[in-house]
Structures are given as structure tokens and as C-alpha cells.
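In what follows, a single structure is set out as C-alpha cells and then discussed.
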Amino acid sequence: MSLYSPPPAPSAVRLRPAVVEDADLLARWDLEPHVIACSTDDPEADIAFVGVEWREEIEAASEVSFHLIAEVDGRPIGVMQVIDPHLEPTHYWGDIEPNLRALDIWIGPPDALGHGYGTQMMTLAINDCFSDPAVTAIVIDPLNSNTDAHRFYQRLGFEPVERRMFDADDCLVHRLDRAKWEARA
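Residue 1482 in our numbering is what sits at position 121 of the sequence shown, and the numbering runs on without skipping anything.
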């Protein structure tokens, strides 16, 4: 028998649809420095998603765009947005092929960083996206300056495809094709 116990297994992440009651939590997370740093290169920024009214975003959920809250042991620790970039009404992704999904992810509370929750969140969301047989690939748009995010996504199988401006944001678009994801399993 060992004198040392193995480290505890990480708690499992569960994704659930965002509800209006999550709006205040998302607004608080928008003020976290690590969330701001992932959303803008502006060193003067004091909020992550300027102009986003979370209550309205959540109420506007549809099959084309919706948010998921990540929980660990019932505690909200992150959020994901899932979009059909070809059909979403703002045309954020511009002229893009059909049968894709776009993901966005962030961890809210600083003490939830570095526990593998982001990997669990992405794995759950990717599996859910590819459960639709029509979906051929997933795209993401981390800031070009966010090299930690690039490494994170590339460990999951995403490949950089183009550097692109989204409004004032200089991003490095990554793509994960279904065949590559399925080959990992």
C-alpha cells in the first residue's frame, strides 16, 4: 500500500443551456482580466464583450446561435457559444460555407483556470456539433496574439487556416474537420 494517495480525479464538466438567470454572472465574468485579455488586444479595455446585453443574447437563443453554461459540481465555471456561421444573422463570419459550426469558449472565475475544464468543455461541444451528420467542420477565431489559445486548440486537432480581421480584432482562424476529430477517437 502506498503512503501517497493519487491526486483526485478532476470533476466532470456538464454543459447546460444558458438561461436568463445567468445574465448577471456572464456580465461579472466580462470584467475578469483574463476574459478581457482573450477578447481584445486593447490594453485599455475594462470589459470583455462591450455592448453585449447578456439577457438579450440568452433570450435570442436559437438553433443558429446559443450559449451553454459549463458547470462543475453544480457551480458555473465557463460559457460557450455555438453558432452556425453560415446562417447567423449578423454575418460575423462573412461569406462562409454551409454545414459548419463556430465555437467560442471562456472560463469565468479565475480559480477555475488550469484544471482541464476548457478541454472537457471543448470535447463535449465538439462531440455535440459532430453529432449532426451534416456538420463537416468547426471554426474558431482566437486573437492572433493569444498564442496560449492557439496551442490549446491545436492540441484538440484544430489547424490554423488564415489570419483575418473581424472588425478591429486581428484573429488567427482555426478549423477542425470531422475526419480529423473522428480519427482521434
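Idealized CB from N, CA, C, for every residue including glycine.
Among the options, the one whose alpha carbon lies nearest that of residue i
{"i": "Ala1495", "options": "Ala1540, Cys1399, Trp1390", "result": "Ala1540"}
{"i": "Asn1507", "options": "Val1396, Glu1417, Ala1498", "result": "Val1396"}
{"i": "Arg1375", "options": "Ile1457, Asp1530, Glu1543, Met1483", "result": "Met1483"}
{"i": "Cys1399", "options": "Trp1542, Glu1523, Phe1513", "result": "Phe1513"}
{"i": "Ala1498", "options": "Ile1466, Ala1388, Trp1542", "result": "Trp1542"}
{"i": "Thr1480", "options": "Ala1384, Val1500, His1535, Ala1431", "result": "Ala1431"}
{"i": "Leu1504", "options": "His1476, Asp1407, His1535", "result": "His1535"}
{"i": "Ala1560", "options": "His1476, Ala1373, Thr1401, Glu1414", "result": "With the chain running from 1362 to 1546 in the structure shown, residue 1560 is simply not present."}
{"i": "Arg1416", "options": "Ala1384, Met1526, Asp1528, His1476", "result": "Ala1384"}
{"i": "Ile1466", "options": "Asp1528, Leu1485, Met1526, Ala1529", "result": "Leu1485"}
Separation of residue j from residue i, as counted between CA atoms
{"i": "Glu1382", "j": "Phe1519", "result": "33 Å"}
{"i": "Ile1468", "j": "Asp1493", "result": "26 Å"}
{"i": "Val1380", "j": "Ile1419", "result": "6 Å"}
{"i": "Leu1517", "j": "Glu1405", "result": "32 Å"}
{"i": "Asp1531", "j": "Ala1544", "result": "31 Å"}
{"i": "Gln1515", "j": "Pro1521", "result": "8 Å"}
{"i": "Ala1473", "j": "Ile1438", "result": "6 Å"}
{"i": "Asn1460", "j": "Phe1427", "result": "16 Å"}
{"i": "Pro1394", "j": "Asp1489", "result": "30 Å"}
{"i": "Val1443", "j": "Leu1464", "result": "5 Å"}
{"i": "Tyr1478", "j": "Gly1455", "result": "31 Å"}
{"i": "Glu1449", "j": "Leu1386", "result": "25 Å"}
{"i": "Val1500", "j": "Gly1435", "result": "29 Å"}
{"i": "Ala1421", "j": "Leu1429", "result": "13 Å"}
Burial state of residue i (16 or more Cβ within 10 Å)
{"i": "Leu1392", "result": "exposed"}
{"i": "Asp1509", "result": "exposed"}
{"i": "Asp1502", "result": "buried"}
{"i": "Val1411", "result": "exposed"}
{"i": "Arg1358", "result": "No information on residue 1358 is available, as it lies outside the stretch 1362 to 1546 that the chain covers here."}
{"i": "Arg1462", "result": "buried"}
{"i": "Ala1529", "result": "exposed"}
Under the three-state DSSP convention, the category residue i falls into
{"i": "Trp1390", "result": "helix"}
{"i": "Val1511", "result": "The question names Val, yet the displayed sequence has His at residue 1511. It is helical."}
{"i": "Ser1381", "result": "Strictly speaking, residue 1381 in this sequence is Val, with Ser absent from that position. Helix."}
{"i": "Arg1448", "result": "As written in the sequence, residue 1448 is Leu, which differs from the Arg given in the question. Coil, per DSSP."}
{"i": "Asp1531", "result": "strand"}
{"i": "Pro1521", "result": "strand"}
{"i": "Trp1454", "result": "coil"}
{"i": "Asp1538", "result": "strand"}
{"i": "Val1396", "result": "helix"}
{"i": "Glu1432", "result": "strand"}
{"i": "Pro1437", "result": "strand"}
C-beta contact flag for residue i and residue j at 8 Å
{"i": "Ile1457", "j": "Pro1471", "result": "no"}
{"i": "Leu1537", "j": "Ile1487", "result": "yes"}
{"i": "Val1433", "j": "Ser1372", "result": "yes"}
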